[in-house]
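Scroll down for the structure; my scribbles are underneath it.
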Amino acid sequence: MPPSPAPSAVVADDERLMRDQIIGRLKEAWPELLIVGEASNGREAVALAQSLEPDIVFLDISMPGMDGIEAARALSGSAHIVFITAHDEYAISAFEHGAVDYLLKPAEPERVALACQRLRERLKQKPDPMNDLLSQLSQRIGAGELKPREYLRWVQASVGANIRMIPTSDILFFRAEDKYTRVQTQRFEALIRKPIKELIDELDPKEFWQIHRATVVRVDAVEQVSRNLRGHQVVHVKGSEERLEVSRTFNHLFKQM
Amino acid sequence: MNSDPRNPGTNAAAESGNRGRDSPRSEFRRTLHEIGDEIAVLWWGFFDWLAVVSWKKLLLVSFLTLVLASLLKHPEPFFLLIVASFIIKAIAGGKRKADLTATEATKRAETEQLERTVLEARMEALQAQIEPHFLFNTLASIDQLIQTDPPRASKMQQSLIRYLRSAMPQMREGSRPTLGQQVNLCSAYLEIMAVRMEERMQSVVNVPEGLKSAVFPSMMLQTLVENAIKHGLEPKTEGGRLEIGAEIVDGQLAVHVLDTGVGFMPKGDGGVGLANVRERLKALYKDRAELIISVPPTGGTCAIITVPYEIAPATA
């Protein structure tokens, strides 16, 4: 497709005031630039950019639904990208390589003028797909697929008729009971539907240990381990009278040092 | 074991004693010393006991001693001991008792002081967390409004000033924070966010006038409100509603922040601020306060902080 005579752009920011500001400054700095669309979230930005095929997309980094980095990834190679951000929490050094420019809010007119000048140069080439940069960025923001594994910090459980979010640090143990799994804290008990087998994969292994097919205990809540008459290890938990049996498979957890 | 007798100044026994046979003698003296020490310990033990025992108990013990002593041939020393006990208790007992209580109180005060210092340090760190992202975005919005709508820019700037003033050094004045102050701070924040998010955020503050003088820890409500916006409403494309409310439930003050946002994420770091609130509640109130996060049937998130209901002393 031949490039359109006047360069075009889409501006995406979830706050209208911020879009107005960028657009106003762009008009001053680059009167020929056509603003063909405005988007208030990442998804909208991608949809607009795909249908209008602008030369440039200005993307706010933090937007609801799909953030600026994800949107840029979706548009990779099809438009020149300029990121907009309120402050350099995203380590702007990543931008210094020059494939992509960025603007800090509030955008100073001189800075916008400089960005426009660079864009005019860049429009002569095909847009850079920015693969390295984007994966580097998403790693810093923690929004990409390279995100380290995250464990449950809260458990959503029913307490009576209510649904509560219980912090894992409050939980003494989980115990399988019929169709449910019981969540025991010092103050109350709650029920969840997730079976122990699935739950254990989502819990931080440093925080919780499975000690039985039906029992998972929070390590820090363990007070002592004794033996019952049948010779099984039994875990005593702080703040609960209940004794939890350790099955043979998990005996090694409490071996003496 | 044995001290060298020729070593000058070791002890009195060496100087005055017969060098050839002073070994058993110093041993005898040492034993005497030990017995003396034992007696001293016993005496001070007895003294401490005298100091803290109640008069009633002392009378009872004296009476029993008298009964037992009267069975003996020479009960006089016991009479003397009892009389002496009463005199000692009357004269020195009070002081000794005060000493003991003072030592204990000092120890307790030291622990409490330490706890408070740690707590305050943590609170300060917490309060210093005015999010740069919030600050810069707000300043950028004001910058834009100055050009397009100066009266609104001025109003927004005033909200920001109000927010910053109360969010920054709050704890330094000795007075205890009230719910009213905390609600004001949150209103300033919500006014700013309402300008920025426009129709994506509606807020209602539903706190009865009468509860505004209740004591409520600083920056906790703010954490709940910021969380509701940041993790609830901002990530939701169409936005939603936020409500702050307060009521008395079973003699406790219950303050809630309800939002219709995307709902609470059980993973990730969304709970850092909340963990902080929980920790502070525990430090301030032990088991008498709690933070409950629940999922309302309509979706979104509801966070409730419950603390003992206390009216703040009026400040002059």
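Residue numbers (my numbering), protein chains in the order written: chain A, 1 to 257; chain B, 1 to 316. Every residue gets a Cβ at the ideal spot worked out from N, C-alpha and C, and that includes glycine. Treat the numbers as computed from the prediction; the structure is a model and nothing was measured.
- Inter-residue distance for B/Trp44 and B/Ile87 is about 16 Å (C-alpha atoms, whole angstroms).
- Here the alpha carbons of B/Thr301 and B/Glu234 stand approximately 13 Å from one another.
- For A/Val155, the closest Cβ of chain B is nearer than 8 Å.
- Contact of B/Phe264 with chain A is assigned, a C-beta pair being separated by under 8 Å.
- Neighbours of B/Leu145 across chain A, judged by C-beta separation under 8 Å: Leu17.
- Looking at the backbone, the Cα of B/Gln202 and that of A/Ile35 are separated by about 30 Å.
- Shortest Cα-Cα distance from B/Ser218 to any of B/Gly251, B/Gly180 and B/Ile248 involves B/Gly180.
- Judged by beta-carbon spacing, B/Leu258 lies beyond the 8 Å limit of B/Arg278, meaning their Cβ atoms are not closer than that value.
- Just measuring C-alpha positions, the residue of A/Ile171, A/Leu134, A/Pro205 and A/Pro109 sitting nearest A/Ile23 is A/Pro109.
- Proximity of A/Leu26 to chain B, defined by a Cβ-Cβ separation below 8 Å, is not satisfied.
- A/Ser226 carries a strand assignment under DSSP once its states are collapsed to helix, strand and coil.
- Interface annotation, A/Gln224: not in contact with chain B, CB-CB separation never under 8 Å.
- Put simply, the stretch 157 to 169 of chain A does not touch the stretch 110 to 118 of chain A. Fewer than three CB pairs are less than 8 Å apart.
- In the assembly as shown, B/Ile192 is a buried residue. Its beta-carbon has 16 or more other beta-carbons within 10 Å.
- Residue state for B/Val207 is assigned as coil, using DSSP reduced to three classes.
- Looking from the CA of B/Ile161, the closest CA among B/Pro150, B/Leu135, B/Thr106 and B/Pro24 belongs to B/Leu135.
- When 8 Å is used as the limit between beta carbons, A/Arg164 is near these residues of chain B: Ile292, Ile293, Ser294 and Val295, in chain order.
- Measuring C-alpha to C-alpha distances from A/Gly42 to each of A/Glu32, A/Ser8 and A/Ile84 identifies A/Ile84 as the nearest.
- A straight-line Cα-Cα distance of about 14 Å links A/Leu191 and A/Thr168.
- For the stretch 166 to 228 of chain A, the continuous alpha helix (DSSP H) assignments of 4+ residues that do not extend past its boundaries occur at 196 to 202, in sequence order.
- Within the model, the alpha-carbon separation for A/Leu172 versus A/Ile211 is close to 13 Å.
- Nearest CB-CB separation between A/Leu152 and chain B: below the 8 Å threshold.
- Contact between B/Arg196 and A/Leu17 holds, since their C-beta atoms are separated by about 7 Å, short of 8 Å.
- For B/Pro151, the enclosing alpha helix (DSSP H) begins and ends at Pro150 to Ala167.
- DSSP places B/Leu242 in the uninterrupted beta strand (DSSP E) bounded by Gly240 to Val249.
- Assigned with DSSP and collapsed to three states, B/Gln252 falls in strand.
- A/Tyr102: member of the beta strand (DSSP E) spanning Asp101 to Leu104, first to last residue.
- For A/Gln156, the enclosing beta strand (DSSP E) begins and ends at Trp154 to Val159.
- In the structure shown, B/Arg280 adopts helical secondary structure according to DSSP, grouped into three states.
- A/Ala79 is positioned such that its CB atom lies closer than 8 Å to that of A/Pro127.
- Close CB contacts of A/Trp30 within its chain, under the 6 Å cut and outside five residues either way in sequence, are with Cys116 (chain order).
- The C-beta of B/Ser141 comes closer than 8 Å to at least one C-beta of chain A.
- Boundaries of the alpha helix (DSSP H) around A/Gly68: Gly68 to Ala74.
- Around the Cβ of B/Ile311, a 10 Å sphere holds fewer than 16 other Cβ atoms; the residue is exposed.
- The Cβ atoms of B/Val215 and B/Thr178 lie closer than 8 Å to each other.
- Scanning chain B for C-beta atoms nearer than 8 Å to the C-beta of A/Asp20 yields Gln144 and Thr148, reported in chain order.
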